[in-house]
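Peer 1:
2 protein chains.
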Amino acid sequence: MSARVKDEKTRPPVSREAVVAAALRQFAERGYRVTTMADIGAALGVRGPSLYKHVTSKQELLADIVFTTMRTLIAAQHRAVEAGGPAAVRLRRAVEAHVRYHATHREQAFVGNRELDSLTEPTRSQILDLRRTYEHGIRAVIEDGCASGEFPATDARLVSFAILDMGMGVATWFRAEGEHDIDSLAYSYADMALRMVGLDTRGRES
Amino acid sequence: MSARVKDEKTRPPVSREAVVAAALRQFAERGYRVTTMADIGAALGVRGPSLYKHVTSKQELLADIVFTTMRTLIAAQHRAVEAGGPAAVRLRRAVEAHVRYHATHREQAFVGNRELDSLTEPTRSQILDLRRTYEHGIRAVIEDGCASGEFPATDARLVSFAILDMGMGVATWFRAEGEHDIDSLAYSYADMALRMVGLDTRGRES
DNA sequence: CCTACCGATCGGTAGG
DNA sequence: CCTACCGATCGGTAGG
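So the sequence lines, in the order shown, correspond to chains A and B.
Note that full-length UniProt numbering gives residue 94 to position 94 of the first sequence, counting from 1, and the numbers run on in steps of one.
Note that full-length UniProt numbering gives residue 50 to position 50 of the second sequence, counting from 1, and the numbers run on in steps of one.
1. Look at the alpha carbon of residue 2/B and the alpha carbon of residue 122/A, and state the distance between them as a whole number of angstroms.
2. What residues of chain A sit near residue 70/B, judged by a beta carbon separation below 7 Å?
3. Roughly how many angstroms separate the alpha carbons of residue 34/B and residue 81/B, rounded to a whole number?
4. Mind checking which residues open and close the alpha helix (DSSP H) that includes residue 98/A?
5. Looking at the secondary structure, which residues open and close the alpha helix (DSSP H) in which residue 268/B lies?
6. Mind pulling the chain B residues with CB within less than 8 Å of residue 196/A?
7. Determine the DSSP secondary structure at residue 134/B, reduced to helix, strand or coil.
8. Can you find a C-beta in chain B that's less than 8 Å from the C-beta of residue 188/A?
9. Tell me which residues of the region 140-162 of chain A have at least one Cβ-Cβ distance to chain B shorter than 9 Å, keeping chain order.
10. Quick check: the region 109-128 of chain A against the region 137-144 of chain A, are at least 3 beta-carbon pairs closer than 8 Å?
11. So, for residue 22/A: in the same chain, excluding its five sequence neighbours on each side, which residues have a beta-carbon less than 6 Å away from its beta-carbon?
12. Would you check if the region 188-197 of chain B and the region 13-20 of chain B touch, i.e. whether three or more CB-CB distances between them fall below 8 Å?
13. Quick check on DSSP: helix, strand or coil for residue 119/B?
14. Strictly under 8 Å for the Cβ-Cβ distance: is residue 206/A near chain B by that measure?
15. Any contact between the region 84-94 of chain B and the region 146-153 of chain B? By contact I mean 3 or more CB pairs, one from each, below 8 Å.
16. Can you confirm whether residue 117/A, when its beta carbon is compared against all beta carbons of chain B, has any partner nearer than 8 Å?
What follows is the structure, encoded as structure tokens:
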């Protein structure tokens, strides 16, 4: 009945990464503001104040999580797009990367979206900038496809929002134990995205 | 420099609806937990404790907002679907209603999504039930279209999630002053939804 | 509708 | 990594 969740003798050493991981889990399941430093410590078998040996503030924990999330998403999108090829191929790869991240890093994506307003300045503005960069990345592919005539004319901004939003939604309902495996999920979402820009995916394309 | 925002003499009478409206605005812009009863009162020109003449708790304010939101959405979906007709027509009307609500009631939709975990039981479970009902409503239309052969075979559950998620996203970025008017926005989203179930919207359908 | 206030919570620091 | 604790916040009640 101690406040410690784990026995001192068997407790693994506390590291910054362990603190961030415990914070992530609790921020995702119960929210940033409701989670206390004591809660995070308890998950690691220590008291709240002990965490300050590894991090400087609770806010820093949240900032770490959302920065890592956005940098990872942007890097994945960059890899998806850089190889070039037809716009349809680049769009498929970018959407698959987007969906794959939101399915495999549900907690990060969820926290990054829901706790945006829990960030203090200037972190919040920096994150919003990264999100804009990310949105512009997928929009550019759509605009390419429109400009080359590959995609029927569409409102690239609207479609990019719709594609990103539906992919972000995956983080809210996807469960690894569920009926969908991640590969077919990513493929299906990319299919939907290609249809949204006007392509018939039952035919020849990628 | 008083804590009151409005002068006592010109302040309109405080009503329950006024309290809910003020709470909605602040829950949307700053979050449920950060908003204090004193904040809500200040927006109406009164002190925090005075609000308890009109509401019984802060939690009740949130519950009022999310229940109204879900009931309104479900009623709008019901109206969109009840007239019958081809599945493509029903799907278009349901998506248009969905998008229209999220564009015109941004704050309600935003709070209803972000603050789900700020609800205490049993309210939270009741709201989750209403959300399931809503999702099943649009999924049923898609399944109808698949069963009748009107839509090419698609995973109805997946597509219904994607369509609802992209519509909910509208609440996060839409601004009435922006470049899109609500009618064309709703139309475009319904177009995308029809494409997602495999229809070619450049042709004959609705 | 007000002031005064209770009770509880929590991030972070002091000082081992 | 701990206990003790400070300072501040806030929902809700008492009693006008």
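Don't be surprised by glycine CBs; every beta carbon is placed ideally from N, CA and C.
Peer 2: Reading from the atomic positions:
1. The predicted position of residue 2/B is uncertain, since its pLDDT is 39 and thus under 50; a value taken from the coordinates is nonetheless stated next. Approximately 30 Å, taken between the alpha carbons.
2. Under the 7 Å cutoff, chain A gives no residues; its nearest Cβ is about 16 Å from residue 70/B.
3. Roughly 39 Å between the two C-alpha positions.
4. First-last of the alpha helix (DSSP H) with residue 98/A: 87-104.
5. With chain B covering only 1 through 206, there is no way to say anything about residue 268/B.
6. In chain order: 192, 195, 196.
7. Residue 134/B: helix per DSSP, three-state reduction.
8. Residue 188/A counts as touching chain B.
9. For the region 140-162 of chain A, the set of positions with a beta-carbon nearer than 9 Å to some beta-carbon of chain B reads 152, 154, 155, 157, 158, 159, 161, 162 in chain order.
10. Touching, no, given that fewer than three Cβ pairs across the two stretches are closer than 8 Å.
11. These residues qualify, in order along the chain: 40, 43, 44.
12. Contact fails: fewer than three Cβ-Cβ distances are below 8 Å.
13. In the structure shown, residue 119/B sits in coil (DSSP, three-state: anything other than H, G, I, E or B).
14. Legend: pLDDT at residue 206/A = 40, less than 50; position of this residue unreliable, no value from coordinates given.
15. Yes, since at least three Cβ pairs between the region 84-94 of chain B and the region 146-153 of chain B fall closer than 8 Å, the two stretches touch.
16. Cβ-Cβ to chain B under 8 Å: yes for residue 117/A.
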